[in-house]
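Here's the structure, in structure tokens; my notes come after.
There are 2 protein chains.
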Amino acid sequence: MDGSTRMPQTADEIAAHLTEAVHEHRVLPGMKLSEDEVGEIYGVGRTVVRQALRHLAHDGLLRIERNRGAFVAKPTVKEAREVFEARALLEPSIARAAAERATPAGIATLESHIREEHVALAAGEPGRALKLSGHFHVEIARIADQATIEGFIRQLVSRSSLVIALYWRRRNAMCESHAHHALVDALRRHDGQAAEDLMKGHLLDLLSQLDLRDHSAELLSLREALAR
Amino acid sequence: MDGSTRMPQTADEIAAHLTEAVHEHRVLPGMKLSEDEVGEIYGVGRTVVRQALRHLAHDGLLRIERNRGAFVAKPTVKEAREVFEARALLEPSIARAAAERATPAGIATLESHIREEHVALAAGEPGRALKLSGHFHVEIARIADQATIEGFIRQLVSRSSLVIALYWRRRNAMCESHAHHALVDALRRHDGQAAEDLMKGHLLDLLSQLDLRDHSAELLSLREALAR
DNA sequence: CTGGGCAAGATTGTATGCAATCTACTGCCT
DNA sequence: AGGCAGTAGATTGCATACAATCTTGCCCAG
Numbered sequence: 001m002d003g004s005t006r007m008p009q010t011a012d013e014i015a016a017h018l019t020e021a022v023h024e025h026r027v028l029p030g031m032k033l034s035e036d037e038v039g040e041i042y043g044v045g046r047t048v049v050r051q052a053l054r055h056l057a058h059d060g061l062l063r064i065e066r067n068r069g070a071f072v073a074k075p076t077v078k079e080a081r082e083v084f085e086a087r088a089l090l091e092p093s094i095a096r097a098a099a100e101r102a103t104p105a106g107i108a109t110l111e112s113h114i115r116e117e118h119v120a121l122a123a124g125e126p127g128r129a130l131k132l133s134g135h136f137h138v139e140i141a142r143i144a145d146q147a148t149i150e151g152f153i154r155q156l157v158s159r160s161s162l163v164i165a166l167y168w169r170r171r172n173a174m175c176e177s178h179a180h181h182a183l184v185d186a187l188r189r190h191d192g193q194a195a196e197d198l199m200k201g202h203l204l205d206l207l208s209q210l211d212l213r214d215h216s217a218e219l220l221s222l223r224e225a226l227a228r
Numbered sequence: 001m002d003g004s005t006r007m008p009q010t011a012d013e014i015a016a017h018l019t020e021a022v023h024e025h026r027v028l029p030g031m032k033l034s035e036d037e038v039g040e041i042y043g044v045g046r047t048v049v050r051q052a053l054r055h056l057a058h059d060g061l062l063r064i065e066r067n068r069g070a071f072v073a074k075p076t077v078k079e080a081r082e083v084f085e086a087r088a089l090l091e092p093s094i095a096r097a098a099a100e101r102a103t104p105a106g107i108a109t110l111e112s113h114i115r116e117e118h119v120a121l122a123a124g125e126p127g128r129a130l131k132l133s134g135h136f137h138v139e140i141a142r143i144a145d146q147a148t149i150e151g152f153i154r155q156l157v158s159r160s161s162l163v164i165a166l167y168w169r170r171r172n173a174m175c176e177s178h179a180h181h182a183l184v185d186a187l188r189r190h191d192g193q194a195a196e197d198l199m200k201g202h203l204l205d206l207l208s209q210l211d212l213r214d215h216s217a218e219l220l221s222l223r224e225a226l227a228r
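Chains as they are written, first to last, in full-length UniProt numbering: chain C, 1 to 228; chain G, 1 to 228.
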């Protein structure tokens, strides 16, 4: 702990802090976030905590059940597919726009993100690397100068963290840093078509790493098994 | 007023009610929503009102200024363009998907929406017609069975109401019901390509009805004029 | 011994009181 | 007369107390 870093105080700061924790897989789907508990951690009253929790719920990261509390969302297989279909719809076009408008400063930011991601991986912090990897996608929307869509992508990246926590196949390290490198190259060349294609392929890659088989059939058979 | 209809009580209900009022242009950009005032209207405490207001702020309908209050947002020209660029990215694809999955029930819902829109126009309620017209677009996303993207489109339609309130050129009635009719026809024929093209054209039509000239240059010249 | 009902504890939902901040008005000074 | 400062009013920010609801464990009846 670093005593010099101030704890988040406002509702938005706490919401951002909790979101980071979810992105880093330090807070996992299904976990309960009690108002009193969270309030004690940050040293604020329940009013502020409730604002933050409702904020996250609105982003789809939490599910608030009346008189029961706030729980980290557990996206169903259908929701997981929807998230990646939405990303497939938005991000390739945004990557193209980003390639057309990319500035040296923006590209430098992306490169620093990739560097930090490598550092985190080397330091044995896969959660941090995952968070940075997600932020890479948001940063591309920012470079495209599309604030509205950037907000949507931020939400989708957040939910992707939950999806990855639930449905990721292998536990080994990320294999995708190569894709991010290639994207930065395309942006640097202002090659919109290449950026669009690379992003599309990258998202399909991610999707193929997920185990999104429909478990509803198994649940039904479970019901049968228990009925015997 | 109908005494049998219960006033909204919960934060979500109040948020939905306020959203409708914005959609119908009964609450206009720049208007202030005081906590006490809103609370008195619905007969609830400020706590619930604050939740509702923050909800709308998160959707981009309100702008909450610290210690000043909540004001209906006034999208800039840039934000207005972004909203329609996002819609152009999402809705044509969603219309295609909707055409492929459309059921008789869904189509009946859309037709009833169009009918209600005509009734509202005939009854001299252009605000209500506008609201229904927006809901038509959300309904298509619902037919496409894409809950995540439906949420995004709901947000975009909301913001479009603000954009229309600020930048719509003519005051005369909507001219677009024909486009909605054609879209329903395409959906009924399960003609995805036609639905996609019609939606794209419809959105371009809407955009062309807006006066999104950049006023920043005029502001600069005003500054010059005042400096003399 | 098992199953249902009941009561106690815990947690969230809401209202309200107090503190902090902003706005606007008034009065003084130049 | 005009401008600025100070103050009073109003509005939001936050914490907390109380009410409603849910969960859980216990006890009693069958």
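Glycine included, C-beta positions come from ideal geometry on N, C-alpha and C.
Here the structure is a predicted model, which is why all the values come from computation and not from measurement.
Open item on the list: Please identify, using Cβ separations under 9 Å, the residues of the segment 42-56 of chain C that lie next to chain G, in order along the chain.
Closed with: Under the 9 Å Cβ criterion, the segment 42-56 of chain C contributes 47, 50, 51, 54, 55.
TODO: Starting from residue 146(C), find everything on chain G with Cβ-Cβ shorter than 8 Å and list it in chain order.
DONE: For the C-beta of residue 146(C), the chain G residues within less than 8 Å are, from N- to C-terminus, 82, 85, 86.
Open item on the list: Using a Cβ-Cβ distance cut-off of 8 Å, determine whether residue 136(C) contacts chain G.
Closed with: It does not; no Cβ of chain G falls within 8 Å.
Open item on the list: Within a Cβ cutoff of 7 Å, which residues of the same chain sit near residue 38(G), ignoring the five residues on either side of it in sequence?
Closed with: Within its own chain, the residues whose Cβ lies closer than 7 Å to the Cβ of residue 38(G), once the five positions on either side in sequence are excluded, are 49, listed in chain order.
Task: C-beta neighbour in chain C for residue 35(G), strict 8 Å - done: So no, residue 35(G) is outside the interface.
Task: Endpoints, alpha helix (DSSP H) assigned at residue 124(C) - done: Premise fails: residue 124(C) is in no alpha helix (DSSP H) and is neither H nor E.
Open item on the list: Within 8 Å of any Cβ in chain G, is that where the Cβ of residue 149(C) sits?
Closed with: Residue 149(C) has a beta carbon lying within less than 8 Å of a beta carbon in chain G.
Open item on the list: If I measure Cβ to Cβ from residue 127(C) and keep anything under 7 Å in the same chain, skipping five residues before and after, which residues do I get?
Closed with: 24, 25, 26.
Task: CB contact check: residue 58(C) to chain G, cutoff 8 Å - done: At least one beta carbon of chain G lies nearer than 8 Å to the beta carbon of residue 58(C).
Open item on the list: If contact is defined by three or more beta carbon pairs under 8 Å, each pair taking one atom from either stretch, is the segment 96-106 of chain C in contact with the segment 63-70 of chain C?
Closed with: By the C-beta criterion, the segment 63-70 of chain C is judged not to be in contact with the segment 96-106 of chain C, since fewer than 3 inter-stretch pairs fall below 8 Å.
- [ ] Whole angstroms is fine: what's the gap from residue 256(G)'s alpha carbon to residue 84(G)'s?
- [x] In this structure chain G extends from 1 to 228, so residue 256(G) is not present and cannot be described.
Open item on the list: What would DSSP say about residue 68(G), mapped onto helix, strand or coil?
Closed with: If DSSP states are grouped into helix, strand and coil, residue 68(G) belongs with coil.
- [ ] Indicate whether residue 53(C) and residue 33(C) have their beta-carbon atoms separated by less than 8 Å.
- [x] Against a cut-off of 8 Å, the Cβ pair of residue 33(C) and residue 53(C) comes out as a contact.
Open item on the list: By the three-class DSSP mapping on this structure, what secondary structure does residue 32(C) have?
Closed with: Looking at residue 32(C) - three-state DSSP - the assignment turns out to be strand.
TODO: Return the residues of the segment 89-113 of chain G that lie within a Cβ-Cβ distance of less than 7 Å from chain C, sorted by chain order.
DONE: Within the segment 89-113 of chain G, the residues whose Cβ lies closer than 7 Å to some Cβ of chain C are 89, 90, 93, listed in chain order.
Task: Other residues of its chain near residue 45(G): CB distance less than 8 Å, five sequence neighbours each side excluded - done: Taken in chain order, the residues that qualify are 39.
TODO: Compute the Euclidean distance between the alpha carbons of residue 200(C) and residue 167(C), then round it to the nearest angstrom.
DONE: Residue 200(C) and residue 167(C): Cα-Cα distance of roughly 20 Å.
Open item on the list: With a threshold of 8 Å between beta-carbons, can residue 121(C) be considered close to chain G, or not?
Closed with: So no, residue 121(C) is outside the interface.
Open item on the list: Short of 6 Å in beta carbon distance, which residues of its chain neighbour residue 120(G), apart from the five on each side in sequence? Order them along the chain.
Closed with: 128, 129.
TODO: Kindly say whether residue 117(C), judged by its beta-carbon, lies nearer than 8 Å to any beta-carbon of chain G.
DONE: Interface criterion not met: the Cβ of residue 117(C) is under 8 Å from no Cβ in chain G.
TODO: Check whether the Cβ of residue 65(G) lies closer than 8 Å to any Cβ atom in chain C.
DONE: Among the residues facing chain C, residue 65(G) is not included, as its CB has no counterpart in that chain under 8 Å away.
- [ ] Enumerate in chain order the residues of its own chain whose CB-to-CB distance from residue 206(G) is below 6 Å, with the five nearest sequence positions on each side excluded.
- [x] Counting only Cβ-Cβ distances below 6 Å, and skipping sequence neighbours, we find nothing.
- [ ] Anything in chain C within Cβ reach of residue 79(G), meaning under 8 Å, just list it in chain order.
- [x] Chain C residues near residue 79(G): 147, 148.
Open item on the list: Using C-beta distances below 8 Å, list every residue in its chain close to residue 213(G), excluding the 5 sequence neighbours before and after it, in chain order.
Closed with: For residue 213(G), where only same-chain residues beyond five positions count, the Cβ hits under 8 Å are 77.
TODO: Give the DSSP bridge partners of residue 63(C), in chain order.
DONE: Beta-bridge pairing links residue 63(C) to 71(C).
Open item on the list: 8 Å is my cut-off, CB to CB: does residue 71(C) come that close to chain G?
Closed with: So, not an interface residue.
TODO: Would you identify the three-state DSSP class for residue 212(C), choosing helix, strand or coil?
DONE: Three-state result, residue 212(C): coil.
Open item on the list: Could you tell me the alpha carbon to alpha carbon distance between residue 134(G) and residue 157(G), rounded to whole angstroms?
Closed with: Residue 134(G) and residue 157(G): Cα-Cα distance of roughly 6 Å.
- [ ] Could you confirm whether any beta carbon from chain G is found closer than 8 Å to the beta carbon of residue 211(C)?
- [x] No, residue 211(C) does not count as interfacial toward chain G.
TODO: Look at residue 75(G) and residue 154(G) and say whether their C-beta atoms are less than 8 Å apart.
DONE: No, the Cβ-Cβ distance between residue 75(G) and residue 154(G) is not below 8 Å.
Task: Alpha-carbon spacing of residue 203(G) relative to residue 87(G), whole angstroms - done: C-alpha separation (whole angstroms): 8 Å.
Open item on the list: Please report the straight-line C-alpha distance between residue 16(C) and residue 162(C), rounded to a whole angstrom.
Closed with: Rounded to the nearest angstrom, the two C-alpha atoms are 16 Å apart.
Task: Cutoff 6 Å; reference residue 131(G); Cβ partners in own chain excluding five residues on either side - done: Counting only Cβ-Cβ distances below 6 Å, and skipping sequence neighbours, we find 23, 24.
Open item on the list: Among 71(G), 211(G), 141(G), 59(G), whose alpha-carbon lies nearest the alpha-carbon of residue 183(G)?
Closed with: That would be 141(G), whose Cα lies nearest to the Cα of residue 183(G).
Open item on the list: Restricting to runs no shorter than 4 residues, where is the alpha helix (DSSP H) found entirely within the segment 139-206 of chain G?
Closed with: Segments of the alpha helix (DSSP H) lying fully in the segment 139-206 of chain G: 147-167, 177-188.
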